[in-house]
Each structure stands twice: as C-alpha cells, then as structure tokens.
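Asker: Numbering (our numbering), first residue to last: 3 to 387.
We put the CB at the ideal spot given by N, CA and C, even for glycine.
Just so we're clear, the structure is a prediction, and the values are computed from it rather than from any experiment.
Structure provided below as structure tokens; questions to follow.
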Ligand code: COS
C-alpha cells in the first residue's frame with residue numbers, strides 16, 4: 003500500500019532498512035542466544051542520526067515527527083525486536099525531558115541523547131506497581147537543596163546500559179497520584195546501583211534490570227516539571243510512546259510474513275510449493291491484511307500527533323493494542339505456515355514469535371489499553387449528554 007511518505011521519510015526508511023540488513027540480521031540470532039546488548043549496532047544507528055530523529059534541531063536532533071520515528075522503529079523491528087526495544091525505550095526515557103523538561107534540562111541532556119552519546123531509560127515500574135502506575139513505593143524526600151531517593155525499580159529496559167534515567171517517585175504519599183514527582187538521575191550518582199538482570203523469553207538483545215536507590219542524593223534541579231506532577235508526566239510519556247510500540251508490532255509482523263512467504267515458496271509438499279495451496283494463501287492473505295490495517299492505524303495516529311492533536315491517549319492506546327495483538331497473531335501464524343521448520347531456531351520466526359509476546363505486556367498491558375480506550379469513550383459519551 004502507498005502511504006504517500008515524503009522523500010525524507012523514504013530516506014529514513016531506507017537508511018534504517020540498510021542498517022537492519024547489514025548490521026542486525028547477521029547477528030540477531032547470536033544476540034538472542036547470548037543475551038548480548040548490541041553496543042556496536044546502537045553506535046551505527048547513532049552515526050546514522052537515527053537516535054535523534056524526534057529530538058528538535060535546536061538540541062542537535064533531526065527535528066522530525068512521530069511518523070518519521072515510527073518508520074525507523076518499524077524497520078529495526080522487522081529485523082530484531084530486541085534491538086528495537088533498546089531503541090524505542092531510549093525515546094520513552096527521553097519523553098519526560100522533551101515534554102516537561104526545563105530549558106536547562108533540555109540543553110544539558112538532549113544533545114547527548116540525540117547524538118547517541120548517552121542512552122536513556124524510563125523508571126516507573128516496581129514490584130508492586132505495573133498496571134497500577136500510582137502504586138509506586140519509591141520515595142524522594144526534599145532535604146535542603148537535594149532530594150533523597152530510596153526504593154527499587156523493576157524490569158527497567160536499558161537499565162545498567164543507560165547513562166540517564168527519568169524516574170517517578172513519591173514525594174507526598176498522602177496526595178495519591180498527585181503526590182508523585184518525576185526526576186532525572188544520572189548513572190554513577192552515589193546511592194544509585196543496579197540489581198538483578200532479567201533472563202527473558204524474548205527481546206534478549208535488550209537489557210532489563212532493577213534500579214536500586216539507597217539514600218541517593220540528587221540536586222533539586224533534577225526535578226522534572228513541578229513537584230506533584232509525576233503521574234501526569236508518566237501518563238503523557240506513555241501516551242507519546244505507545245503508538246511507537248504499535249510500530250514495533252507492525253515491524254515484527256511484517257518481518258515474520260516476509261520470512262514465511264520466502265520459505266513457503268520453496269517448500270515442496272505433494273509435489274508442489276506449499277504456496278500453491280489455498281490454505282496457505284489464505285493464511286498469508288489474512289496476515290498481510292491485518293498487518294496493513296495495523297500499519298494504517300499506527301501511521302494515522304502518528305500523523306495526528308504530528309498534526310498537533312491535544313489528546314492522544316485513546317488513539318495511542320488503540321494503535322498499541324491493535325498492532326501488538328496483530329503482531330502476536332501474525333508471528334504465531336508465520337510459525338504455522340512454516341510448520342516444523344518454523345519451530346526451529348534455524349529460522350528467525352521462532353524468535354519473532356517469542357519476541358512479539360512482550361508487546362502485549364510492556365508499556366501498559368493490552369488489558370490496560372482497553373481500560374484507557376473504554377473509559378475515554380464513556381467520558382466522551384457522558385460529556386455529549
Ligand atoms: N494524561 C493526563 N492525565 C491523566 C492521564 C493521561 N493520559 N491519565 C490519567 N490522568 C490523570 C487523571 O485525569 C487523574 O487526574 P485528577 O487527579 O486530576 O483526577 C489522575 O491522572 C489519576 O488518574 P486515574 O484515576 O485515571 O488513575 P488510575 O490510577 O486509575 O490509573 C491507568 C489509570 C490505569 C490508565 C494508569 O495507571 C496506567 O496507564 N497504567 C499503566 C501504566 C503502564 O503503562 N505501566 C507499564 C510500565 S511503564 S513502561
């Protein structure tokens with residue numbers, strides 16, 4: 003389908019595709035097997051300016067929109083969802099600074115992030131706070147000119163590898179969601195260490211760790227926005243990032259279709275390629291139709307965001323929900339089309355299916371996305387009365 007991308011968007015797509023083919027595809031199986039963080043690939047992506055696509059030019063980025071960024075995410079995800087998780091989570095960690103940072107904070111952090119000199123991570127989740135974002139226990143207590151942070155964050159993508167962390171902590175428990183605040187914390191700050199590194203089912207090229215804060219003192223200038231705005235910072239950050247998770251879903255689904263059709267064309271059964279059987283043709287047709295529908299929704303939401311839409315909560319949740327459920331279905335069907343071969347590690351669809359599962363879980367489970375969508379529909383219907 004023709005999405006009428008601009009010349010520049012096509013250039014970004016081709017550049018990301020080239021890096022995916024030349025740098026990622028040859029090593030993706032090894033990254034997966036050894037749980038290895040892809041430093042050299044992130045460096046190559048940074049050299050190609052892919053890390054600064056969505057960062058304004060005044061901070062050293064390319065100053066492009068969400069669609070340009072999602073096109074790059076899609077291409078990287080087609081090759082390896084583990085690498086694309088590192089890439090997309092870098093943006094997730096940057097959004098609190100981009101959306102709410104002071105001009106000093108932006109000047110201090112964004113140029114290094116845009117150039118890929120510094121990686122970023124977002125720290126919201128804890129042992130007892132995942133879907134329930136306001137259930138966090140980590141605290142930040144103001145003492146003179148410093149905040150003292152205590153607590154443990156769990157399952158943080160880019161944890162340990164990132165240099166800059168945007169985190170949410172409680173500054174006034176009595177105020178509920180209005181008592182949370184957002185902070186930026188730098189790696190190397192005394193009292194800030196890393197705990198357990200997770201051994202995951204998929205996206206094994208990405209790094210997922212605990213962040214441990216033990217009387218970690220940070221200057222009060224590291225507060226992002228105002229005290230008490232942490233929950234809003236977190237929600238707006240997730241609103242901005244979720245459609246990008248949808249783009250990851252589109253990418254891995256397309257990657258799986260491409261592998262399945264390549265295989266099916268040369269797989270002979272009953273004396274003919276299995277692509278000559280309608281059972282296989284129909285599966286491939288459904289897989290591509292669903293993926294195209296997901297891509298259309300993700301691009302439409304990106305164009306809404308780039309057009310300046312104010313409330314992107316519902317559309318972002320819809321893009322994430324539909325494209326990631328599609329990714330799970332399509333990668334599973336790709337394994338089915340390839341039969342026994344699809345189940346084997348010699349072919350990449352086995353990894354794609356394992357990788358895809360996380361998309362239905364992270365950055366808000368797809369059950370939470372349905373809550374966000376449903377509650378917003380009801381709110382709108384109530385307003386209309
Ligand atoms: N944008 C701006 N404000 C928002 C918002 C959004 N998208 N969503 C909620 N808020 C505001 C509400 O308007 C409310 O403000 P008031 O106190 O002025 O009324 C406040 O935030 C609390 O909202 P609510 O009562 O709806 O909060 P809940 O605790 O019920 O949580 C959900 C709402 C479930 C949507 C939220 O907790 C969520 O998104 N959870 C998933 C988090 C997640 O993605 N975790 C994965 C790990 S992070 S990578």
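Under 8 Å, with one C-beta from each stretch per pair, do the region 182-201 and the region 209-224 reach the 3-pair mark?
Answerer: Judged by Cβ distances under 8 Å, the region 182-201 makes contact with the region 209-224, as three or more pairs qualify.
Asker: Out of 37, 384, 72, point me to the one whose CA is closest to residue 11's CA.
Answerer: For residue 11, the nearest C-alpha among the options comes from 72.
Asker: Applying the criterion that 16 or more other CB atoms from any shown protein chain within 10 Å of the CB defines a buried residue, is residue 242 buried or exposed?
Answerer: Residue 242 should be labelled buried.
Asker: Quick check on the DSSP output: what are the complete beta strand (DSSP E) runs of length 3 or more inside the region 133-195, in order along the chain?
Answerer: With a minimum length of 3 residues, the continuous beta strand (DSSP E) runs that stay inside the region 133-195 are 141-145, 148-159, 166-172, 182-188.
Asker: Across the region 315-326 and the region 263-276, are there enough close Cβ pairs to call them in contact, namely three or more that are closer than 8 Å?
Answerer: The region 315-326 vs the region 263-276: no contact.
Asker: Can you tell me the Cβ-Cβ gap for residue 252 and residue 296, rounded? I've got them flagged as a contact below 8 Å.
Answerer: So it is a contact: roughly 5 Å between Cβ atoms.
Asker: Helix, strand or coil for residue 327, going by three-state DSSP, please let me know.
Answerer: It is helical.
Asker: Can you list, in chain order, the residues of its chain whose CB lies under 8 Å from that of residue 346, leaving out five sequence neighbours each side?
Answerer: These residues qualify, in order along the chain: 352.
Asker: Hey, could you find the ends of the beta strand (DSSP E) residue 51 is sitting in?
Answerer: Neither: residue 51 is in no beta strand (DSSP E) and is coded neither H nor E.
Asker: Mapping DSSP to helix, strand and coil, what is residue 309?
Answerer: In this structure, residue 309 counts as coil in the three-state DSSP scheme.
Asker: Considering only heavy atoms of ligand 1, does any lie closer than 7 Å to the CB of residue 373?
Answerer: Yes, ligand 1 has a heavy atom inside 7 Å of this Cβ.
Asker: Tell me the DSSP secondary structure of residue 113 in three-state form.
Answerer: Looking at residue 113 - three-state DSSP - the assignment turns out to be helix.
Asker: With a threshold of 7 Å, establish whether the CB of residue 365 neighbours any heavy atom of ligand 1.
Answerer: Yes, Cβ of residue 365 sits closer than 7 Å to a heavy atom of ligand 1.
Asker: Beta carbon of residue 210, beta carbon of residue 202: below 8 Å?
Answerer: Yes; because the gap between Cβ atoms is below 8 Å, this pair is in contact.
Asker: Is the region 302-309 close to the region 256-272, with three or more CB pairs under 8 Å?
Answerer: Not touching, per the Cβ criterion.
Asker: Is residue 270 helix, strand or coil when you go by DSSP?
Answerer: If DSSP states are grouped into helix, strand and coil, residue 270 belongs with the strands.
Asker: Which residue's Cα is closest to the Cα of residue 21: 75, 294, 384?
Answerer: For the residues 75, 294, 384, the minimum Cα distance to residue 21 belongs to 75.
Asker: Pick from 29, 95, 240: whose alpha carbon is nearest that of residue 365?
Answerer: The shortest Cα separation from residue 365 among 29, 95, 240 belongs to 240.
Asker: Can you confirm whether the region 154-168 touches the region 120-127 when touching is taken to mean that 3 or more C-beta pairs between the two stretches lie within less than 8 Å?
Answerer: Short answer: they touch.
Asker: Using the Cα positions of residue 138 and residue 341, report the straight-line distance between them to the nearest angstrom.
Answerer: Cα to Cα, residue 138 sits roughly 44 Å from residue 341.
Asker: Which residues does DSSP pair with residue 199 in a beta bridge?
Answerer: Paired residues: 211.
Asker: For residue 134, which of 377, 367, 108 has the nearest alpha-carbon?
Answerer: Checked all of 377, 367, 108; the closest Cα to residue 134 is 367.
Asker: Note down, in chain order, each residue of its chain lying with its Cβ closer than 6 Å to the Cβ of residue 200, except the 5 sequence neighbours on either side.
Answerer: Around residue 200: 210.
Asker: Please find out if some non-hydrogen atom of ligand 1 comes closer than 7 Å to the beta-carbon of residue 13.
Answerer: Not under cutoff, so the answer is no.
Asker: Any heavy atom of ligand 1 closer than 7 Å to the Cβ of residue 288?
Answerer: Not under cutoff, so the answer is no.
Asker: Starting from the C-beta of residue 248, find all residues in its chain whose C-beta is less than 6 Å away, skip the five residues before and the five after it, and write them out in chain order.
Answerer: Cβ neighbours of residue 248 beyond the five flanking positions: 300, 321, 322, 325.
Asker: Secondary structure at residue 37, three-state DSSP: helix, strand or coil?
Answerer: Coil.
Asker: Classify residue 57 as helix, strand or coil using the three-state DSSP reduction.
Answerer: It is coil, neither helix nor strand.
Asker: Give the range of the alpha helix (DSSP H) segment to which residue 85 is assigned.
Answerer: 83-102 is the span of the alpha helix (DSSP H), which, as asked, contains residue 85.
Asker: List the DSSP bridge partners of residue 123.
Answerer: DSSP output for residue 123 lists 167 as bridge partner(s).
Asker: Is the distance from the Cβ of residue 56 to the Cβ of residue 93 below 8 Å?
Answerer: Yes, Cβ-Cβ distance for residue 56 and residue 93 is below 8 Å.
Asker: With 16 other CB atoms within 10 Å as the buried threshold, where does residue 2 fall?
Answerer: Nothing about residue 2 can be reported from this structure: the residues present for the chain run from 3 to 387 only.
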